[in-house]
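Each residue of the sequence shown is one higher than the one before, starting from 56 at the first, in the numbering used here.
These notes are about the structure you will find just below.
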Amino acid sequence: MLLGKSFNTLDSKGRLFIPTKWRVDLTDHVVLLYGFGNTPDEKYLQLMSYDKFLELTEAVDSLHPTDLTFIKAKRFIFPNAEELNPDKQGRILIPQELARYADLSQETCLLGLSDHVEIWNPALYDKIRSEYNFDQFAGDMQSLADRSSADKTGAR
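Structure (structure tokens):
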């Protein structure tokens, strides 16, 4: 499971060190792609195992293939995704286009989110995080619990 937070630096070649504690889940074959934020300001990257990416692919492919949202999602996700193999030191090479998208130049903030890792510019992550306080989090958790309860009972 991918948990915790790590601050790492891109080296001069654009490589990023994957923390040792995450290498069990992010071994030989990983996929790096654009993050899906709630606002245009939320630009980050997602790093996941190849198996997790296959699950994402199946979820996207299960949508209606003639739906415009489906087509836009596929055009956003797949052409911008990169299959990567970490080197022996546990580093991945961040392609320049992806690094530019997430405004990564040197410092990075990596967030373990259970099944994938988000890679942020630390200043942008701090800005996004400062806009979300505990009261909002508590309200969101209650809303999720209410929705989950409604889904289980069939209510809408």
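We put the CB at the ideal spot given by N, CA and C, even for glycine.
Tell me which residues share the same chain as residue 156 and place their Cβ nearer than 7 Å to its Cβ, disregarding the 5 neighbours each side in the sequence. The answer, listed in chain order, is 89, 98.
Can you give me the start and stop residues for the beta strand (DSSP E) that residue 79 sits inside? Unbroken run through residue 79: none, as it is neither H nor E.
Are the CB atoms of residue 167 and residue 57 nearer to each other than 7 Å? yes
Just to confirm my understanding: we take residue 125, look at its own chain, exclude 5 residues before and 5 after, and list those with CB closer than 8 Å. What are they? Excluding residues within five positions, the ones whose Cβ falls inside 8 Å are 115, 118, 119.
Please determine, among 70, 93, 141, 207, the residue with the shortest C-alpha to C-alpha distance to residue 187. 93
When we look at the beta-carbon of residue 193 and count the other beta-carbons within 10 Å, is it buried (16 or more) or exposed? Taking a 10 Å sphere around the C-beta of residue 193, we find fewer than 16 other C-beta atoms and assign the residue as exposed.
For the segment 135-149 and the segment 67-82, state whether three or more C-beta atom pairs, one from each stretch, are separated by less than 8 Å. With the cut-off at 8 Å, the segment 135-149 and the segment 67-82 touch.
Proximity below 7 Å, CB of residue 87 to CB of residue 100: In contact: residue 87 and residue 100 (Cβ atoms closer than 7 Å).
Give me the residue from 165, 131, 182, 158 with the minimum Cα distance to residue 174. 165
Less than 7 Å separating the beta-carbons of residue 85 and residue 102? In this structure, the beta-carbon distance from residue 85 to residue 102 falls below 7 Å.
Which residues in the same chain as residue 74 place their Cβ atom closer than 6 Å to its Cβ, once the five residues preceding and following it in sequence are excluded? 61
Cβ-Cβ distance between residue 176 and residue 159 below 7 Å: yes
Exposed or buried, what is residue 169 when buried is set at 16 or more other beta-carbons lying within 10 Å of its beta-carbon? exposed
Alpha carbons only, please: which of 109, 162, 121 is nearest the one belonging to residue 136? 109
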